[in-house]
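Chemist: Attaching a single structure in C-alpha cells format; questions to follow.
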Amino acid sequence: MDRMSPRQLFEEPARLFQDLASGRRGPFMVRGGPGSGKTRLVVDLACHWAPQPGTVTVVLTSNRAAADRLRAQIHGRLLRASPQLALAKPLVRTTHSYAFALLEARARASGNPPPRLIPAAEQDATLRELAIDQAARWPEPLRAALGSMEFTAQLRSVFQRAAQHGHGPEGLIALGTARARPEWVAAGRTWREYEQVMTLRGAVGMADPAASPGALDAAELLGAALDAVAEDPDLLLHPLGKPGSRFVVFVDDAQHFDPQAARLSSLAARRADLAVCTVDPDQSVFWFQGAQTGPGLWREAEQLRLGPSQRLSSSVAQLVAAVAPRSAPQVATCRESAGEAQTRLYPTVAAQAEGVVEALCRAHARDQVPWSRMAVLVRSVPVLEPSLARAAALADVPLRLAAMSGPLAANTAVSALLSLLKALARKALEPATALELLVSPIAGASVAQARSLRRLLRAQEPDRPSLDLLAELVLGAREHDVPEPVLRLRRVWRAACEALGAPAPTVETVLWAAWSASGLEERLPEGDFAAVRALFAAARAQRAADAADAAAELARFAERVERERLPVSATLGDGGGSDAVTLLSAHAAAGQEWDVVVVCGVQEGLWPGFSESSSLLGVDELAAALAGTPAEAKLDARKQVLAQERRLLYLACSRAREQLLVTAVEGEGDLVPSRFLAPLAPLALRTQEHGPAERAAAAPPPAPATPWSSAGVVAELRALACGADQHRAQRAAAALAALAQAGVIGAHPKSWHGLAEVSTSEPLAKDGSLTLSPSRVQQLLDCPLRWLFERAMPAAPGEAAAIGTAVHLLASVADRFPEDELQAALDAAARAADERSARPPWAAQRRREQLARLFAAFMAWRNASRGELTQVGVEIPVEMSVSGVTLRGRIDRLERTARGELVIVDLKTAATPRSAASVREDPQLACYQLVVRMARDEPVAGGKLVYLGALRQETGAAEREQPALTEEEAAQWNSTIREAAAAAAGPQFRARPNQHCGSCPGRRCCPALQSAPGAPLAGAAGGAR
C-alpha cells in the first residue's frame, strides 16, 4: 500500500498550524471534511503549547473514547520528545470532565465536599418509583408503561433535552402546557419532585459537617457548571493553573457537542488566549444525544477551512462522494494511491457474511494488511453480529466486538457473577448476597417470587430473619419443596465451590463452573452475551493463583472489573489479542480510521431506519420545540431522519484509507438495498447463490473466487487431489502432505469423512439387551436413524410433556379420591410448579387453566363412559420379547366392556385428534393388543385413543378406536414388530425422509436430505468413522 510521509500527509494542516501557533488569538473555527487533518491539527497545537512554561492547555472532546484516543496521541508524542516531561493537569478532557473540575474547584474554594455523580442505575430506579407514585398525573395511555425500563430511559432523555437547552422542570411544564402535550407536563412535575428528592438526600446544608454532596446526572452536571461560570467567569481558570497563566483551548469534533457542551466550550474560548475548534457538520451523527449540526455559539469565531482529504485513496474518495450529503463540499483527496472501492449485492444474509469475510481474508493474505487495521461497520450490531461471527469463525478470522456503551460491571448478568465471586472469596454466602443472586439472571427468580418465599420462611420460623433462612435454604438446609430458582442457585454455588477447591483454580475455571451450572446459555438474552464474553476474556488474562491465594484472587478480579469500569468488549473467534478485525456500529466509528473498511448491511428499513423509539414521550418533538420550531409548523420527521442517516453512512464510508466495500442483500425475503446506494447501482456487483459475482451492467465475468482461508485452501486442494487430472492431483497431494506436516487441520486424509474405517460393526443390541417402547415402534418404521438420534440425544421434556405427566398422574388416582380433593390437589400442584419456575404470572395462569381443562375433560369422559366400561387397572406395566428385543411399556387404562372384553385406553392431551384411518394402523395400540392377548386369557375388543384436549359434549373428549385384531392382522403386526426390532438392532440405521424431518434433531447431518432417499448411514450405533 501507498504510505505517505507525515510532511506530505499533513502539508496543509501544517501550514495552518504555523499560522495559529504564531500568536493569533482567535477564536477560530476550522472546518474540514473526512481525513482533512482536523484532529491532527488539534494534536499539533496541543503538543506545541503544552510544554511551554506558564501555559495551561485544555483539549475538549465529546466522549470518553475520543478523549482516550486523543490523549494517547498527544501524550505519546510529548513523551517521545521529552521523556522527563511531567504534566500537572490532564490535557484532554470530555466536556463533562471539564465541568466536574470546575464544580470541584468551586466546592473546594467554599470548603464544601465535591459534587457526586449519580449512577444511571440509581437515577433510573428513583425516576421509576416517582413515575409510578404519580401515576394519576400521567395520561391514561402511558400508565401501563410507567414501570418499564424503556419508559424510564425516555423520561431521562426528556430531562436531558430540556436541560441541554437551559430549561428546568418549570420550563418543561410551561412548554407542555403551551403545546398541549400532557406527557411533557407530567414529566416536568416528575422532574421537579425528583430534584426535591435528590436535594433532601443531599442533607440539610452544605455547611453542615454531616452533609453529603448533591448528586448530579450528566445533563445537570453541565447545567450546574454553566450556572457556576455565570456567577464567577474566573472559575474557568481556577482548576487549570495559577493566575496569570496563558490559557489555550482546543476543541475536536465539535459537531458531536450538545447545546450545553457547545456553550461551555464557547465560554472557555472567550476567556482563552487562543481557542481553536474543529468541526464538520456533515459528520454530525449523534442527534439522539442532542448533538446539532450547526456550530452553536462558535459562530462568532473566525472561519477557516482545510483542504482535500489526506486519508482517502482515490477510489474510496469517489465512492464516498457518491453517498455524501448534498450540503457536503466536494470530496477530494491529495492521495496518489488508487486503492479499491466496491459495492456488492448478495442473495442472502449468509452469503453477505461469507463475502465480507472473504474480502477481509483477501486483504490480509494478498495485501498484508494486519487484522487490526480492518473494520466492519454496521448500522446495528445485534442484527448482523451472529451471521458475521459465524462466518468469521469458519474462516479463522479473528473478530473483535468493539467496546459498547457502559461499563462491564453495569450488566446485570456480569454484576451477578461478580457478586458470586466476591461471596466465594469470603467463603460465605451472606444473606443479602443470597437475595441479590436469587433475583439475578443466575437464579432467575422475580422480586415477587423472592418476597413470597421470604414470607413463607418467616411463617415457618418467626423468630429468625427471613434473609438468614433464605441463605440457609440456598446452602442446602432443606431438600424438599424447594423452588426451582433456589435449586438453580444452589447448583451454581456448589459448582463454583468445587471449582475453587480443585487443584490450581483460576478465575476463569471458577467462572466457567458457575456459568455451566446456571444454564444461562439458554436463558440469557442475546444482547448480554457480549458482556459475559468480555468478562471471560478479562478472567482469561488474570494470572493463575496458588490454591491458598485463589479466594483472594477472585476478590481482586471482581474489584478490578468494578473499579476500572472495564468496557463491554468481547473478542470472537481467535481475536483474543490486539490483532483482530473490529466489528462496531457506525456511530462508534466516529473519529477513527482503518486501512480496510467494510460497511455491511446497507438495507432499506435499517439504513435509513425510521425508528419510532422516541414517540412515547415525543423526545424528537420536544427537541424541535426547544430549538424554536413554531407549534403550527409541520415537522417533517421523515426528512430529518433521512438526512441524519445519510450523514451516518457518509461518516462510515469515509473511515477507509485504502479499501472500502459496501454490501447489501437483495432478494432474500423483503430485503432490498438502501435508497442511499442508488447512485452506486451501475457499479454494483451482484453475487449469485452458488456462482461468481456479476456486474449489474454488462461486463466479463470475474475469475473464480480464490480461497483466502486455510480451510478454503485445504478444500480446494482436496478437490484437485480427487480430480481426473493426474498431474494436478499429484501436485495437490504433495501440497496437502506439506500442510498436514505443518499441522493444518483437515489436510491429512485420515481426517477426511468417508475414508476412515467403521469404528465397529457390532449390533447395538446383544443378547436381548435392547428395550423398545411401543410408542417408539412407529418412529422406527418411519426412520430408524431418527430413532437412534433421539435415543442418543433425548430432548429435555417441554411444557406439553410436563402437563401430560400431571394429567396422567391425576387420572391414575381418580378412582381413589373424591373429585373435590383431586381438584384441590391439582391447584396445590399448580401453585408449587409456579413457585419453582421463573415464568411470568400470565404464562403460569395459562398453564393452570390448561391443566384444569384437561383434568375436567378426563373426569367428564370417565363419568360418561362408566355405563359402557368398567375399570380393570391403571398404569399397567406390560412386557413382551420379540426377535431378541424387549417391548416394554405402560398402559394408561385397561377397561372391560359389558360383554367382558378388554379395551386398551391411551390418554392424549393433544387438541387435534388423528384421523380414524391412521388410528386403525397405530403400532402402539397394536403392540398393546398383542401383549394383552398373550398375557391374559380374555378377549380383547381393541384400543382407544382419548383426546382430552378435544372436548365433546356427549363423551367429554374425542375418541379414536382401533378394532380388535384378527389372527391375520396379529400375524402381520408380529412381522412389523420384528422389522422394527431388526431396524433397532443395527449396526446400520437407514435414513428415510418423511413428513417429520423438519423437527428431527439430526436433520443437519442426515444423509437422506443430502442424497437419494433411503440412503443408509453405514456406521455403527456406538461409533463413528
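Position one of the sequence shown corresponds to residue 1 (the UniProt record's numbering), numbered consecutively onward.
The beta carbon of each residue, even a glycine, is placed where N, CA and C say it ideally should be.
For clarity, every value in this text was computed on a predicted model and none was experimentally measured.
Kindly list the residues whose CB is nearer than 8 Å to the CB of residue 575, restricted to its own chain and excluding five residues on each side of it in sequence; keep chain order.
Modeler: The count along the sequence shown starts at 1 and reaches residue 575 at position 575. At residue 575 the pLDDT is 43, less than 50, meaning the model places this residue with poor confidence; the figure from the coordinates comes in the next sentence. Here the set comprises 371, 398, 399, 400 and 581.
Chemist: Are at least three pairs of beta-carbons, each pair with one atom in the segment 259–277 and one in the segment 66–85, less than 8 Å apart?
Modeler: At 8 Å Cβ cutoff, the stretches do not touch.
Chemist: Across which residues does DSSP place residue 59 in a beta bridge pair?
Modeler: Along the sequence shown, one-based indexing puts residue 59 at 59. In the DSSP output, where bridge partners are listed per residue, residue 59 has 92 and 250.
Chemist: May I ask you to verify whether the segment 26–41 touches the segment 303–320, counting CB pairs closer than 8 Å and requiring at least 3?
Modeler: The segment 26–41 vs the segment 303–320: in contact.
Chemist: Tell me which residues share the same chain as residue 860 and place their Cβ nearer than 6 Å to its Cβ, disregarding the 5 neighbours each side in the sequence.
Modeler: The residue you call residue 860 lines up with position 860 of the sequence shown. Counting only Cβ-Cβ distances below 6 Å, and skipping sequence neighbours, we find 956.
Chemist: Enumerated in chain order, which unbroken segments of the alpha helix (DSSP H) with a length of 4 residues or greater are wholly contained in the segment 462–531?
Modeler: Listed in chain order, the complete alpha helix (DSSP H) runs (minimum 4 residues) inside the segment 462–531 are 466–475, 484–501, 507–518 and 520–523.
Chemist: When the distance is taken between beta carbons, is residue 164 closer than 8 Å to residue 1043?
Modeler: It is not possible to answer for residue 1043, since the shown part of the chain is limited to 1 through 1025.
Chemist: State the Cα-Cα distance for the pair residue 2 and residue 659, rounded to the nearest angstrom.
Modeler: Your numbering for residue 2 matches position 2 in the sequence shown. Your numbering for residue 659 matches position 659 in the sequence shown. Any reading at residue 2 needs caution, since the residue's pLDDT is 40, under 50, leaving its predicted position unreliable; the model's value is listed next. So the alpha carbons of these two residues sit roughly 12 Å apart.
Chemist: On the criterion of 16 or more Cβ atoms from any shown chain inside 10 Å, does residue 698 qualify as buried, or is it exposed?
Modeler: Numbered from 1 along the sequence shown, position 698 holds the residue referred to as residue 698. The predicted position of residue 698 is uncertain, since its pLDDT is 31 and thus under 50; a value taken from the coordinates is nonetheless stated next. Exposed: under 16 other Cβ atoms inside 10 Å.
Chemist: Which whole-angstrom value is the C-beta distance of residue 807 and residue 869, which I expect to be below 8 Å?
Modeler: Locating residue 807 in the sequence shown gives position 807, where the first residue counts as 1. Locating residue 869 in the sequence shown gives position 869, where the first residue counts as 1. Actually they do not touch by this definition, with Cβ atoms about 19 Å apart.
Chemist: Confirm the yes/no value for this check: CB of residue 451, any heavy atom of the ligand HEM, distance under 7 Å.
Modeler: Looking for the ligand HEM in the displayed structure turns up nothing, as the structure carries no ligands at all.
Chemist: Which one or two residues does DSSP pair with residue 28 in a beta bridge?
Modeler: The count along the sequence shown starts at 1 and reaches residue 28 at position 28. 276 and 302.
Chemist: Taking the straight line between their C-alpha atoms, what separation do you get for residue 441 and residue 668?
Modeler: One-based indexing of the sequence shown puts residue 441 at position 441. One-based indexing of the sequence shown puts residue 668 at position 668. The straight-line gap from Cα to Cα measures roughly 36 Å.
Chemist: Would a C-beta distance cut-off of 8 Å place residue 946 and residue 905 closer than the cut-off?
Modeler: Residue mapping note: residue 946 aligns to position 946 of the sequence shown, counting from 1. Residue mapping note: residue 905 aligns to position 905 of the sequence shown, counting from 1. Taking 8 Å as the Cβ cut-off, residue 946 and residue 905 qualify as a contacting pair.
Chemist: What are the start and end residues of the beta strand (DSSP E) that includes residue 342?
Modeler: For the purposes of this step, residue 342 is taken as residue 342 along the sequence shown, with counting starting at 1. Taken as a continuous stretch (DSSP letters only), the beta strand (DSSP E) holding residue 342 covers 340–346.
Chemist: For residue 585, does the three-state DSSP call read helix, strand or coil?
Modeler: On the sequence shown, position 585 is the one that residue 585 refers to. Reduced to three states, the DSSP call for residue 585 is strand.
Chemist: Can you tell me where the alpha helix (DSSP H) with residue 354 in it begins and where it stops?
Modeler: Reading the sequence shown from its first residue, position 354 is the one you call residue 354. 349–366 is the span of the alpha helix (DSSP H), which, as asked, contains residue 354.
Chemist: For residue 983, which residues in the same chain have their Cβ closer than 6 Å to its Cβ, ignoring the five residues on either side in sequence?
Modeler: On the sequence shown, residue 983 is found 983 positions in, with the first residue counted as 1. Excluding sequence neighbours, residue 983 sits near 780 and 784.
Chemist: Return the CA-CA distance between residue 492 and residue 517, expressed in angstroms with no decimal places.
Modeler: Locating residue 492 in the sequence shown gives position 492, counting from the first residue. Locating residue 517 in the sequence shown gives position 517, counting from the first residue. Going from the Cα of residue 492 to the Cα of residue 517 covers about 5 Å.
Chemist: What are the uninterrupted segments assigned as alpha helix (DSSP H) that are 4 or more residues long and contained completely in the segment 932–1005, given in chain order?
Modeler: Whole alpha helix (DSSP H) segments, 4+ residues: 967–985.
Chemist: Determine contact between the segment 934–950 and the segment 901–917, defined as no fewer than three beta-carbon pairs at a distance below 8 Å.
Modeler: Verdict: yes, contact present.
Chemist: Check for me: the beta strand (DSSP E) holding residue 422 runs from which residue to which?
Modeler: Position 422 of the sequence shown, counted from the start, is the residue given in the question as residue 422. No beta strand (DSSP E) holds residue 422; the alpha helix (DSSP H) holding it covers 412–426.
Chemist: Inspect the CB distances between the segment 638–657 and the segment 171–183 and report whether three or more fall short of 8 Å.
Modeler: As far as the Cβ criterion goes, the segment 638–657 does not touch the segment 171–183, which means the pair count is below three.
Chemist: Residues in its own chain within less than 7 Å of residue 619 by CB, not counting five upstream and five downstream?
Modeler: Taking the first residue of the sequence shown as 1, we reach residue 619 at position 619. Same-chain partners within the cutoff: 154, 157, 158 and 161.
Chemist: So which of 305, 409 and 873 has the shortest CA-CA distance to residue 815?
Modeler: For the purposes of this step, residue 815 is taken as residue 815 along the sequence shown, with counting starting at 1. Ranking 305, 409 and 873 by Cα distance to residue 815 puts 873 first.
Chemist: Take residue 251 and list the residues in its own chain whose beta-carbon comes closer than 6 Å to its own, dropping the five residues that flank it on each side.
Modeler: As a working note, residue 251 is residue 251 in the sequence shown. So the qualifying residues of the chain are 60, 265 and 277.
Chemist: Does the segment 505–513 come within contact of the segment 547–556, defined as at least 3 CB pairs closer than 8 Å?
Modeler: The segment 505–513 is in contact with the segment 547–556.
Chemist: Over what stretch of residues does the beta strand (DSSP E) that includes residue 657 continue unbroken?
Modeler: Within the sequence shown, the letter at position 657 stands for residue 657. Segment 656–665, the beta strand (DSSP E) holding residue 657.
Chemist: Measure how close the beta-carbons of residue 759 and residue 889 come, nearest whole angstrom, since I'm counting them as under 8 Å.
Modeler: For the purposes of this step, residue 759 is taken as residue 759 along the sequence shown, with counting starting at 1. For the purposes of this step, residue 889 is taken as residue 889 along the sequence shown, with counting starting at 1. Not really, about 32 Å apart at Cβ, beyond 8 Å.
Chemist: Is it the case that the Cβ atoms of residue 429 and residue 471 are separated by a distance below 8 Å?
Modeler: The residue you call residue 429 lines up with position 429 of the sequence shown. The residue you call residue 471 lines up with position 471 of the sequence shown. Yes. Within cutoff.
Chemist: For residue 904, report the span of its beta strand (DSSP E) as first-last.
Modeler: The count along the sequence shown starts at 1 and reaches residue 904 at position 904. Run containing residue 904: 902–908, per the beta strand (DSSP E) assignment.
Chemist: Short of 8 Å in beta carbon distance, which residues of its chain neighbour residue 127, apart from the five on each side in sequence? Order them along the chain.
Modeler: Walking along the sequence shown from the start, residue 127 turns up at place 127. 152, 155, 156, 190 and 194.
Chemist: Which of helix, strand or coil does DSSP assign to residue 71?
Modeler: One-based indexing of the sequence shown puts residue 71 at position 71. Note: residue 71 maps to helix in three-state DSSP.
Chemist: Since residue 645 and residue 607 should fall inside the 8 Å C-beta cutoff, what is the C-beta to C-beta distance between them, to a whole number of angstroms?
Modeler: Looking up residue 645 in the sequence shown gives position 645. Looking up residue 607 in the sequence shown gives position 607. About 6 Å separates the two Cβ atoms, so the contact holds.
Chemist: Could you tell me which of 360, 357 and 513 sits nearest to residue 424, measuring between CA atoms?
Modeler: Position 424 of the sequence shown, counted from the first residue, corresponds to residue 424. The shortest Cα separation from residue 424 among 360, 357 and 513 belongs to 513.
Chemist: Taking the alpha carbon of residue 230 as the point to measure from, which residue in 99, 347, 650 and 181 has its own alpha carbon closest?
Modeler: Along the sequence shown, read from residue 1 onward, the residue named residue 230 stands at position 230. Minimum Cα distance to residue 230 is reached at 99.
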